[in-house]
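Participant: The structure under discussion is supplied below as structure tokens; questions concerning it will follow.
2 protein chains.
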Amino acid sequence: MRSIESQCQAVREAFDDTPALSTKIKNQILLGIADALIECTPFILSENLKDIQRGQAAGLDVAMIDRLTLTAERIIGIADGVRIVAGLEDPIGEEMSAWTVEKSGLSLQKIRVPIGVIGMIYEARPNVTVDAATLCFKTGNAVVLRGSSSAFESNRALVEVMHDVMQAHDVTRDLIQLLDNTSREGVDTFVKLNQYLHLVIPRGGASLIKHVIQTATVPSIETGAGNCHIYVDREANLKKAIPIIVNAKIQRPSVCNALETVIIHEKIAGDFLPALAKELESKGVTLKGDDAARAIVPTIFPAVEDDWALEFLNLTLAVKIVSSLGEAEAHIHRYGTKHTEVILTEDARRADHFVKTVDAAAVGVNVSTRFTDGGEFGFGAEIGISTQMLHARGPMGLPELTSYKYIMKGDYLVRK
Amino acid sequence: MRSIESQCQAVREAFDDTPALSTKIKNQILLGIADALIECTPFILSENLKDIQRGQAAGLDVAMIDRLTLTAERIIGIADGVRIVAGLEDPIGEEMSAWTVEKSGLSLQKIRVPIGVIGMIYEARPNVTVDAATLCFKTGNAVVLRGSSSAFESNRALVEVMHDVMQAHDVTRDLIQLLDNTSREGVDTFVKLNQYLHLVIPRGGASLIKHVIQTATVPSIETGAGNCHIYVDREANLKKAIPIIVNAKIQRPSVCNALETVIIHEKIAGDFLPALAKELESKGVTLKGDDAARAIVPTIFPAVEDDWALEFLNLTLAVKIVSSLGEAEAHIHRYGTKHTEVILTEDARRADHFVKTVDAAAVGVNVSTRFTDGGEFGFGAEIGISTQMLHARGPMGLPELTSYKYIMKGDYLVRK
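Going line by line, the protein sequences match chains A and B.
Take the first sequence: its letters are residues 6 to 421, numbered as in this note's numbering.
Take the second sequence: its letters are residues 6 to 421, numbered as in this note's numbering.
Below, the structure written as structure tokens:
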């Protein structure tokens, strides 16, 4: 087993020593990877099976085994994702702005460049291995993948497929590396390797992300945790509100942009909540509400304080009744995680108040929370959803994986 | 003495509870601060004198006392800086981009917002107190200032002047706060207050910055350290090269964009170095060179390995002779701090190679290193020069003190 330090050092050296690859060669390699993933499906599935069997023997639950499992269809999906990345515009080298400073004659250009070596820390989803590697590769970054030990054979197979394509194009495989050491303690070593890594991105559960943020000395981007709310205003179209809430809660309950709490204005709660509850309960959703909600729909379970702060990530939904827009905003401020917050209303001024007051990566008006997503934003792909203020916020596409440098030119200019 | 936690909590609450101030009121307050600084000059100087006397008693060296010292003229300079900030465009609320996603009809806007509460950590330069506070205020951020204990009375006086103006405009003074606790241990507490601070920016010497980067759990921006090089290519105009090197080295040797090493192509070194050395030595510069340089100009002192990595920050300049452009680039890669790197050449292709190969916040062609500066870039002001890849790189002006949020709108849109 290679050490974390030696692997990261090799990647940093590869990044430093490899001249910028042309867009053409990067796209050829990406398309080659997509083809190779399909061709190598039997190999990938047989390696994946080892992980699945080990997971089953270790008693992993059904949901975890499902996340871990690759199928021919899922591999087609992963390959299609790589083709999409190949088709996206290459941000590297883009002139972001250019100007001349009058007083001195200094000519300036701001040019997009890669960030450098990116450390990805993620859980047992083998698709992230290919997603993250190809997004980093397209943006001229090198990547060190620290996947879950439970997906190690799958990840190794996927990286091997990518390496073969890179080598066939005479590009060093060290631009994409998978850590051999997937121990828990290894994460702490990894996120402190400032001499090799420019950035670490944790993707996964809240505890993983919190641990990385607290431990890392390498700059990091906080992703993911989403305690998302929809506020049904007294001026909402109640009929149209129900499908949005159903979509936000049940389309994919386990993801960060799923709805966790619905907040309802008291003026319309008496009409709205029974219809909403009926629809949701018929779809298997468990409701947990405050006293006012339970007074309207007695089948709602009582919510405890912790429920307001919890990302259920399953078919549970908290219900809160408020007497004003301000109270809804205050509740979101107190319990939200600044991921996605939505108001349903027909009143443009009240929508505007919500949009200005509520601080979140994405604030929505009359839309499902599920739209906070790189694909839905039209970015083509995303490496994660940032919930911090620095560098990038919300869905992170290709430009969010870049930095820039200034180029100063002059005719032998000295500063006055 | 208020605790660090209680002061930061108060600032965070003020930030959370204060609706966004209009550009007009922000500018009125900034202009009011500029006027008040001038009016209160006697008060500020008398408080500053306490710090100076304490510093002298403690045996601070002349350079440190100079940095600490305010004069009527310096206060005019600080006030002028605030007027410039007042005159700059307000980035907050700017629509950075807007688009509609065809497949869903989702309408998106990307809007500039403040970052939040910014912690500034700096050394004994009282002007930074006003610079940082007014830049943060203009961009809608709140700021916690952690100045040096040796400038405490000066900083307190300056903050008091700012507070009086804010209060006269009914704006809470908690948006700008100076920490009472300026102990060394206090820094470690400060940079871990993730619940109150969104960002910390250390400004000062390399050891302070390194300590903050290593200790902080709050996101931080690394500023400042600049081991800057000028490479005199074999195709440079040698006559014009000398004034650039003189400007870069001696205009202000103590700052981060000052020149520390000149690298000279061996083909022109025999002609160029004697003339350069003569000019620099006549201006009091001490040269430290490699063997090749000393073979050409015997008065040059021998350089030791550490000299190549050192920011002298005084009138010392290292001299290195290379046999190729690639060797110059490799030397910069090895010893540079990715701040500012310059090539002097008449050959556009060689300039282009240098610009593409050298990784630094600012890469220059035929200009002095001293141009890497918010003012020289036309930003009007700067809060520091970032040497990291994330969020901002190079001189940080107003836009670099902002984040953004997405606003999603639709006609009761659900995700397919």
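Note that beta-carbon positions come from the ideal geometry of N, C-alpha and C, so glycine has one too.
Return the Cβ separation of Asn160 of chain A and Leu183 of chain A in integer angstroms, given the expectation that the two are a contact with Cβ distance under 8 Å.
Facilitator: Confirmed, about 5 Å.
Participant: Under 8 Å between the Cβ atoms of Met401 of chain A and Ile390 of chain A?
Facilitator: Yes, the pair counts as a contact, with Cβ atoms nearer than the cut-off.
Participant: Among B:Lys215, B:Ile214, B:Ala211, B:Asp179, which has the Cα closest to the Cα of Tyr201 of chain B?
Facilitator: It is B:Asp179 whose Cα lies nearest to the Cα of Tyr201 of chain B.
Participant: Could you work out which residue in A:Thr392, A:Pro24, A:Asp352 is closest to Asp175 of chain A when comparing CA atoms only?
Facilitator: Here the closest residue by C-alpha is A:Pro24.
Participant: Tell me the start and end of each unbroken alpha helix (DSSP H) in the stretch 307-337 of chain B that is at least 4 residues and wholly inside, in chain order.
Facilitator: With a minimum length of 4 residues, the continuous alpha helix (DSSP H) runs that stay inside the stretch 307-337 of chain B are 310-314.
Participant: Check whether chain A comes within 8 Å of Thr392 of chain B, counting only Cβ atoms and requiring the distance to be less than that.
Facilitator: No, no contact with chain A.
Participant: Could you check the C-alpha separation between Glu158 of chain A and Gly124 of chain A for me, to the nearest Å?
Facilitator: Roughly 19 Å between the two C-alpha positions.
Participant: For Asp85 of chain A, does the count of other Cβ atoms within 10 angstroms reach 16, so buried, or fall short, so exposed?
Facilitator: So Asp85 of chain A ends up on the exposed side.
Participant: Would you give the residue range spanned by the beta strand (DSSP E) that Ala147 of chain B belongs to?
Facilitator: Ala147 of chain B -> beta strand (DSSP E) spans 147-151.
Participant: Considering only C-alpha positions, which residue in the set B:Gly92, B:Lys55, B:Val16, B:Val363 is nearest to Leu35 of chain B?
Facilitator: Measuring from the Cα of Leu35 of chain B, the nearest candidate turns out to be B:Gly92.
Participant: Hey, does Leu403 of chain A have any beta-carbon neighbour from chain D nearer than 8 Å?
Facilitator: Here the protein chains are A and B, and chain D is not one of them.
Participant: Can you list the residues of chain B that Asn242 of chain A reaches, using a CB-CB cut of under 9 Å?
Facilitator: What Asn242 of chain A touches in chain B: Tyr417.
Participant: Relative to chain A, which residues along the stretch 216-241 of chain B have a C-beta separation below 7 Å, given in chain order?
Facilitator: Residues Ile218, Gln219, Thr222, Pro224.
Participant: Indicate whether Ala241 of chain A and Leu349 of chain A have their beta-carbon atoms separated by less than 8 Å.
Facilitator: The answer is yes: Cβ separation under 8 Å.
Participant: On a Cα-Cα basis, can you pick out the residue from B:Ala298, B:Asn319, B:Ala282, B:Val223 that is closest to Pro248 of chain B?
Facilitator: When each option's Cα is compared against that of Pro248 of chain B, the closest is B:Ala282.
Participant: Do His344 of chain A and Ala365 of chain A count as a contact pair if the criterion is CB distance below 8 Å?
Facilitator: Contact flag set, yes.
Participant: By Cβ distance below 7 Å, which residues in the same chain neighbour Ile57 of chain A in space, the five residues on each side in sequence not counted?
Facilitator: Here the set comprises Ile70, Leu73, Thr74.
Participant: Output needed for Glu346 of chain A: all residues of its chain with C-beta closer than 6 Å, excluding positions within five of it in sequence on either side, in chain order.
Facilitator: Result list for Glu346 of chain A: His234, Ile337, Val363, Ala365, Val368, in chain order.
Participant: Assign Asp311 of chain A to buried or exposed, taking buried as 16 or more other Cβ atoms, counted over all protein chains shown, within 10 Å of its Cβ.
Facilitator: By the neighbour-count rule (16 or more Cβ atoms within 10 Å), Asp311 of chain A is not buried but exposed.
Participant: If distances are taken between C-alpha atoms only, which option among B:Gln12, B:Val217, B:Tyr127, B:Gln114 comes closest to Val360 of chain A?
Facilitator: For Val360 of chain A, the nearest C-alpha among the options comes from B:Gln114.
Participant: Rounded C-beta distance between Pro224 of chain A and Leu395 of chain B? I'm assuming under 8 Å.
Facilitator: Right, the Cβ-Cβ distance comes to about 5 Å (below 8 Å), so this counts as a contact.
Participant: Please classify Pro303 of chain B: does DSSP put it in a helix, a strand, or coil?
Facilitator: The answer is coil: DSSP assigns Pro303 of chain B none of H, G, I, E or B.
Participant: In whole angstroms, what separates the C-alpha of Ser27 of chain B from that of Phe306 of chain A?
Facilitator: Taking the straight line joining both Cα atoms gives about 45 Å.
Participant: Using CA coordinates, which residue listed in A:Thr392, A:Leu292, A:Asp276, A:His270 is at the minimum distance from Ile255 of chain A?
Facilitator: Ranking A:Thr392, A:Leu292, A:Asp276, A:His270 by Cα distance to Ile255 of chain A puts A:Leu292 first.
Participant: Where do the ends of the alpha helix (DSSP H) carrying Asn32 of chain B lie?
Facilitator: Its alpha helix (DSSP H) spans residues 28-44.
Participant: Can you check which of these residues, B:Asp352, B:Gly37, B:Ala356, B:Tyr417, is closest to His168 of chain B by C-alpha distance?
Facilitator: Of the listed residues, the one whose Cα sits closest to His168 of chain B is B:Gly37.
Participant: Assign Val170 of chain A to one of two classes, buried (16 or more other C-beta atoms within 10 Å of its C-beta) or exposed (fewer than that).
Facilitator: It is buried - the Cβ of Val170 of chain A has at least 16 other Cβ atoms within 10 Å.
Participant: With a cut-off of 8 Å, does the C-beta of Gln58 of chain A fall near any C-beta of chain B?
Facilitator: No, Gln58 of chain A does not count as interfacial toward chain B.
Participant: Going along the chain, which residues of its own chain have a beta-carbon closer than 7 Å to the beta-carbon of Gly152 of chain A, five neighbours each way excluded?
Facilitator: Hits under 7 Å: Tyr127, Thr134, Asn160, Leu183, Thr187.
Participant: Find out if the Cβ-Cβ distance for the pair Gly399 of chain A, Thr377 of chain A is shorter than 8 Å.
Facilitator: Yes. Within cutoff.
Participant: Quick check on the DSSP output: what are the complete beta strand (DSSP E) runs of length 3 or more inside the stretch 75-145 of chain B, in order along the chain?
Facilitator: Correct list: 100-105, 112-119, 122-127.
Participant: Rank A:Ala274, A:Glu271, A:Pro303 by C-alpha distance to the C-alpha of Glu286 of chain A and give the top, closest one.
Facilitator: Cα-wise, what sits closest to Glu286 of chain A is A:Pro303.
Participant: Compute the beta-carbon to beta-carbon distance between Gly275 of chain B and Ile301 of chain B, rounded to the nearest angstrom, for a pair I have assumed lies under 8 Å.
Facilitator: Right, their Cβ atoms sit about 6 Å apart.
Participant: Could you tell me the alpha carbon to alpha carbon distance between Arg239 of chain A and Thr342 of chain A, rounded to whole angstroms?
Facilitator: Taking the straight line joining both Cα atoms gives about 24 Å.
Participant: Check whether the Cβ atoms of Cys261 of chain A and Gly231 of chain A sit closer than 8 Å, and answer yes or no.
Facilitator: Contact flag set, yes.
Participant: Taking C-beta to C-beta, are Val87 of chain A and Ala129 of chain A nearer than 8 Å?
Facilitator: Against a cut-off of 8 Å, the Cβ pair of Ala129 of chain A and Val87 of chain A comes out as no contact.
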